[in-house]
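Participant:
Structural data, given as structure tokens:
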């Protein structure tokens, strides 16, 4: 089976500098064709869910969940609000997916943690290489940017990473620099981005930036879709800190959204690229499309709920969106949208999940949707997997409609087709994203982590399960699973020798 990442940045080591190319959308890079070359240094998984289409998770999944090693991430304090005060969190949580880099023949992980640090960790032994301290816990997954023409060799590979707003800060604080650029090689800061105070009740940064032609695109939690230059040489001193060049900002909400959601218009998702648009789901209740030619938001599918999951691009040029049960009369669930059509005609199907109260959530799907499109041949079943707060894992054929039923949408009025359900299993509530790798499906949540194997007839078999508390999303590489837990540790699972 040929493992493909639709878009992956491959920097080539030439002398002391790095030169890279971004693979064209119409072609593919075979991971296997470069993974065996120890003279290259390149990010294998450089962003949340692996690529700009958010649908690549690694290769060669193991059959077992033995603990190969575990690394103590630690514990840190974070302030919830003036009224509630502070909480102590351990390990790492949502989205918390590690990034993976191959450097001179060795594998390294980049992991944000609740002890306020971003860490570079030896993926073979679990040993700390360096750590950079933020002002608060680090929740989201970063993005690795490869600079084609760096000023210094150590600035050739840069991590763009967000955090919560900072201990001692509140929403009305004058400055909150909760987004930073850090050198991959040294762990030193290159710039910090001050988050503006908007109608949103958050100034954190959870999403993973998308980078095209050395320009970065990201929806921030203040719900500004921000286009910026990640190169520190284009930055400047502003408000007493060295900040990146901001190219453009667009609001991901309108005035009515602010009133309906009582300022909960937070954008936590990571943007995805499909053709000439970048798609981003906002907590304001919209899925927006940013037109790269017009440089404007010109597509808007309104759902009305809070949405935290990222938009996922499918092989048939559609996007999958998870919907939380909040601010809507109907049930939360999963949408498949065809953005080549106008928003009123874009819905391909909707799959509702049952309502259930858990830890402040009312139901629906919090995490993103995993798909197997990059791991199968064209004549196989194209599967999508998601986990509801209702405790169930659902696997559907995202290209096939169930002709025997129709369902109500999130507004409890609109009627939609629904996909064929292939498999379901009670795994416990989860905000993690399930991932397909080869013929395996890896699922994590508050009840533990599971490995399923499935065949060409879509028969699923549970291979192994380990108890634990997981909010983050795993990655897989060469028979190892890497995932952070709320128990304080980053785990490497596999078959222990």
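Residue numbers (the working numbering): 724 to 1220.
No residue lacks a Cβ here, since even glycine has one placed at the ideal position from N, Cα and C.
For clarity, every value in this text was computed on a predicted model and none was experimentally measured.
For residue 976, list the residues DSSP reports as bridge partners.
Facilitator: The partner list for residue 976 (beta bridge, DSSP) is empty, contrary to what the question assumes.
Participant: Does the Cβ-Cβ distance between residue 905 and residue 918 come in under 8 angstroms?
Facilitator: Going by C-beta atoms, residue 905 is not nearer than 8 angstroms to residue 918.
Participant: Pick out whichever of 859, 913, 845 has its Cα sitting closest to the Cα of residue 877.
Facilitator: 913
Participant: With DSSP as the reference, identify every bridge partner of residue 1160, one or two as the case may be.
Facilitator: Per DSSP, 1163.
Participant: On the three-state DSSP scale, how would you describe residue 1104?
Facilitator: coil
Participant: Tell me the residue span of the beta strand (DSSP E) that contains residue 1084.
Facilitator: 1084–1086
Participant: Going by the CB atoms, is the gap between residue 990 and residue 946 shorter than 8 angstroms?
Facilitator: yes
Participant: Note down, in chain order, each residue of its chain lying with its Cβ closer than 8 angstroms to the Cβ of residue 963, except the 5 sequence neighbours on either side.
Facilitator: 898
Participant: Could you tell me the distance, in whole angstroms, from the CA atom of residue 873 to the CA atom of residue 952?
Facilitator: 14 angstroms
Participant: Measure how close the beta-carbons of residue 1098 and residue 821 come, nearest whole angstrom, since I'm counting them as under 8 angstroms.
Facilitator: 20 angstroms between Cβ atoms; not a contact.
Participant: Take residue 1218 as the anchor and find which of 765, 779, 772, 792 has the nearest alpha-carbon.
Facilitator: For residue 1218, the closest of 765, 779, 772, 792 by C-alpha to C-alpha distance is 792.
Participant: Measuring only the C-alpha atoms, how far is residue 988 from residue 828?
Facilitator: 43 angstroms
Participant: Here's the rule: buried if 16 or more other CB atoms are within 10 angstroms of the residue's CB, otherwise exposed. What is residue 1221?
Facilitator: One cannot answer for residue 1221 here, as it falls past the ends of the chain, which runs 724 to 1220.
Participant: Do residue 1023 and residue 1047 come within 8 angstroms of each other at the CB atom, strictly closer than that value?
Facilitator: no
Participant: Using a 10 Å radius around the Cβ and a threshold of 16 neighbouring Cβ atoms, would you call residue 1180 buried or exposed?
Facilitator: exposed
Participant: For the candidate residues 788, 813, 1129, whose alpha-carbon lies nearest to that of residue 800?
Facilitator: 813
Participant: Tell me whether the region 1151–1165 and the region 1086–1106 touch, counting them as touching only if at least three CB pairs, one residue from each stretch, are closer than 8 angstroms.
Facilitator: yes
Participant: What would DSSP say about residue 984, mapped onto helix, strand or coil?
Facilitator: The answer is helix: DSSP assigns residue 984 an H, G or I state.
Participant: If we count the other Cβ atoms within 10 Å of its Cβ and call it buried at 16 or more, is residue 998 buried or exposed?
Facilitator: Exposed, because fewer than 16 other Cβ atoms sit within 10 Å of the Cβ of residue 998.
Participant: Measuring alpha carbon to alpha carbon, tell me which residue in 1051, 1004, 972 is nearest residue 1034.
Facilitator: Shortest Cα-Cα distance from residue 1034 to any of 1051, 1004, 972 involves 1004.
Participant: Determine the closest residue to residue 943 out of 911, 992, 983, 896, with distance taken between C-alpha atoms.
Facilitator: 992
Participant: Let me check understanding here. Comparing Cα to Cα, which of 818, 920, 954, 1107 lies closest to residue 1122?
Facilitator: Nearest in C-alpha terms to residue 1122, of all of 818, 920, 954, 1107, is 1107.
Participant: Distance, Cα to Cα, residue 1055 vs residue 1117?
Facilitator: 13 angstroms
Participant: In chain order, what residues of the same chain lie with their CB nearer than 8 angstroms to the CB of residue 1009, ignoring the 5 residues before and after it?
Facilitator: The residues 975, 976, 980, 1023, 1024, 1025, 1026, in chain order, have a CB closer than 8 angstroms to that of residue 1009 in the same chain once the five nearest residues on each side in sequence are set aside.
Participant: Measuring straight from C-alpha to C-alpha, what distance separates residue 833 and residue 870?
Facilitator: 18 angstroms
Participant: Residue 902 and residue 880 - do their beta-carbons sit closer together than 8 angstroms?
Facilitator: Contact check for residue 880 against residue 902 fails: the beta carbons are separated by 8 angstroms or more.
Participant: Please report the distance separating the alpha-carbon of residue 1113 from that of residue 1167.
Facilitator: 14 angstroms
Participant: The beta strand (DSSP E) with residue 938 in it runs from where to where?
Facilitator: 938–942
Participant: Taking residue 1215 as the reference, give the member of 845, 802, 1007, 798 with the closest Cα.
Facilitator: 845
Participant: Looking only at C-alpha atoms, which of 839, 808, 1162 sits nearest to residue 855?
Facilitator: 839
Participant: Determine the direct distance from the alpha carbon of residue 1197 to that of residue 1172, and round the result to whole angstroms.
Facilitator: 10 angstroms
Participant: Assign residue 1150 to one of two classes, buried (16 or more other C-beta atoms within 10 Å of its C-beta) or exposed (fewer than that).
Facilitator: buried
Participant: DSSP three-state call for residue 955: helix, strand or coil?
Facilitator: helix
Participant: CB-CB under 7 angstroms to residue 1072, same chain, minus the five flanking residues each way: which ones, in chain order?
Facilitator: 1059, 1124, 1139, 1140, 1141, 1142
Participant: Note down the Cα distance separating residue 804 from residue 893, rounded to an integer number of angstroms.
Facilitator: 7 angstroms
Participant: Who pairs with residue 829 in a beta bridge, going by DSSP?
Facilitator: 826
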